[in-house]
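Residue numbers (the working numbering): -6 to 355.
Note that beta-carbon positions come from the ideal geometry of N, C-alpha and C, so glycine has one too.
Just so you know, these numbers come straight off a predicted model, no measurement behind them.
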Amino acid sequence: MNRLQRKFPILLLVAGIAGGIFVAGCSSKDVRQQAVATVNGDEIKVVELREFLGVPAGVFAVPDIPVERKKEALDQLVAVRLLAQEGRSLGLDNTPEFKEILQRNDPLVRIRALLRKEVAEKLKVTNEEIKAETVKVREANKGISDADAAMRAVKSVPGSRIQKMQEELIAASKKETAAAVDPKAVARIGKERNMPDNVVLASVGDEKILYGDIKKILRGLSQGGEQGQLDLSNNPTMVGNILERELTMRALAAYAKKQGVDGSEGYKSMRQEMERFVLRGLMADKISAKNVEVTDKEVEAAYAEHSAEMVREGKKIPLVMVKEQIRAALRSEKGEKIFNAYITELRKKGKITVNDAVLPKV
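Right, here's the structure in full:
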């Protein structure tokens, strides 16, 4: 997991607000709340595995996805649990970086908890719909495996319904919070030199979104870019896009708070899941960055091994031109091996149980 993914940037809101890491809170009699595995006493429930397989809020079962594929997904969730637990034992949850990431992304936790609640209450998908979509996927993709076809169908069928729910929530939140952009202020961008950071571009209730706020986000997006690149804060289109996303984010977070999400079981579960993934990211940095060195000899060997690929327009690409790219690739490969070996050791030390009787219900 790279640093951008680990820090859960605001841009993820638009890309996948309904996806990934919701945890439902329903009746104990609900199949979704049954434990499919435990990791050192920490339960992984059916709902979480379903969501990992692509089911929004885990609201329906996926019988057409083979048990083996479910086990593979469960294995990844187990790894996250182990790394999060190890991270806590090392005190990573008490570091300023961990606390800053969680604080900065609390609005996202609140929003996702709200949307999960909406999905759990309103989304209806039948097994017949999934089966019909699976057939369509097979017909459109000759040679695709039954498991892959079922996986695609699970994600495809509820897609438009989730999108509609999301749009309705956004519209309701903007209306409830009187969220609005100031077109006159936005029109000044790119026309005025040294436009003050305290210019109000939009408002959400009593909260103001300043030009300086948007500039800060844009600087974060451009970190690591080439020197001398254009200042994105003077680009009206870029500023407008980020402003709209920031406005939407703040409106949804404020609306979720008004709906009583804070302190709810859904919020607590979502918060726990966010903490696990942040800890997983911090552990990845800690493990993979440790003693990962790549020598010139290793770079040269890799260059020779892939010499047939080192050709451009019929000419051999000199080693000097690709040396650092090869080094970076080898470093990443080594880091991944170290990371996987670390997880293997955690598995050996940990107490992991899988409830095979529950897996078919997922």
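Measure the alpha-carbon distance for residue i versus residue j and round it to whole angstroms.
i, j, result
"Leu352", "Asp57", "12 angstroms"
"Leu339", "Leu75", "7 angstroms"
"Arg324", "Asn333", "14 angstroms"
"Asp99", "Arg109", "15 angstroms"
"Asp349", "Val29", "7 angstroms"
"Gly136", "Arg145", "14 angstroms"
"Pro89", "Ala321", "29 angstroms"
"Phe270", "Asp86", "12 angstroms"
"Ser138", "Ala125", "16 angstroms"
"Gln265", "Leu272", "11 angstroms"
"Thr346", "Leu67", "11 angstroms"
"Val197", "Val174", "9 angstroms"
"Ala294", "Ser281", "22 angstroms"
"Lys330", "Lys316", "21 angstroms"
"Met158", "Lys168", "15 angstroms"
"Gly18", "Gly205", "With a pLDDT of 37 at Gly18, under the threshold of 50, the predicted position of this residue should be treated as unreliable, though the coordinate-derived value follows. The straight-line gap from Cα to Cα measures roughly 39 angstroms."
"Ile207", "Met188", "12 angstroms"
"Lys290", "Lys342", "36 angstroms"
"Lys22", "Phe53", "With a pLDDT of only 48 at Lys22, under 50, the local geometry of the prediction cannot be trusted, and no value is derived from it."
"Val32", "Glu93", "27 angstroms"
"Leu83", "Gly213", "29 angstroms"
"Gly217", "Leu240", "Because Gly217 carries a pLDDT of 47, less than 50, the predicted location of this residue cannot be relied on, and the following value inherits that uncertainty. Between Gly217 and Leu240, the C-alpha separation is close to 26 angstroms."
"Leu225", "Gly183", "10 angstroms"
"Ser257", "Ala143", "33 angstroms"
"Lys64", "Tyr296", "38 angstroms"
"Leu300", "Val285", "Checking the displayed sequence, the identity of residue 300 turns out to be Ser instead of Leu. Straight-line Cα distance between these residues: approximately 24 angstroms."
Would residue i and residue j qualify as a contact pair, given that the criterion is a beta-carbon distance under 8 angstroms?
i, j, result
"Lys251", "Val287", "no"
"Val130", "Pro49", "no"
"Ile336", "Ala164", "no"
"Met263", "Ala106", "yes"
"Thr127", "Ala244", "no"
"Phe166", "Tyr260", "What sits at residue 166 in the sequence shown is Ser, not Phe. Contact: no."
"Gly233", "Val179", "yes"
"Val55", "Val254", "no"
"Arg25", "Val39", "yes"
"Pro59", "Ala140", "yes"
"Gly80", "Met314", "no"
"Leu162", "Ala195", "no"
What distance in whole Å lies between the Cβ atoms of residue j and residue i, which are believed to be in contact at a cut-off of 8 angstroms?
i, j, result
"Ile37", "Leu70", "5 angstroms"
"Leu95", "Glu268", "7 angstroms"
"Glu44", "Gly51", "5 angstroms"
"Gly47", "Lys148", "4 angstroms"
"Val150", "Glu122", "5 angstroms"
Alpha carbons only, please: which of the options is nearest the one belonging to residue i?
i, options, result
"Asn191", "Tyr335, Leu203, Ile280 and Leu240", "Leu203"
"Asp278", "Asp23, Gln26 and Phe91", "Phe91"
"Ile210", "Met231, Glu200 and Lys201", "Met231"
"Lys117", "Gly152, Glu132 and Ala143", "Gly152"
"Asn227", "Val150, Glu302, Gln318 and Glu185", "Glu185"
"Ala172", "Arg238, Arg154 and Lys309", "Arg238"
"Lys344", "Glu298, Glu200 and Gln78", "Gln78"
"Asp229", "Glu298, Ala246, Glu65 and Arg181", "Correcting the residue identity first, residue 229 is Pro in this sequence and not Asp. Here the closest residue by C-alpha is Arg181."
Worksheet entry | Runs of alpha helix (DSSP H) lying entirely within the segment 44 to 98, each at least 4 residues, in chain order | Fully enclosed alpha helix (DSSP H) runs of 4 or longer: 60 to 82 and 89 to 97.
Practice prompt. Mind listing, in chain order, the continuous alpha helix (DSSP H) runs of no fewer than 4 residues lying wholly within the segment 180 to 242?
Written response: Within the segment 180 to 242, the complete alpha helix (DSSP H) runs of at least 4 residues are 204 to 214.
Practice prompt. Could you tell me which uninterrupted beta strand (DSSP E) segments, each at least 3 residues in length, are contained entirely in the segment 124 to 176, listed from first to last along the chain?
Written response: Secondary structure within the segment 124 to 176: not one fully enclosed beta strand (DSSP E) run of 3 or more consecutive residues is present.
Worksheet item: What runs of the alpha helix (DSSP H), each 4 residues or longer, lie entirely inside the segment 258 to 326?
Response: Those alpha helix (DSSP H) runs which fall completely within the segment 258 to 326 and span 4+ residues are 258 to 281 and 289 to 298.
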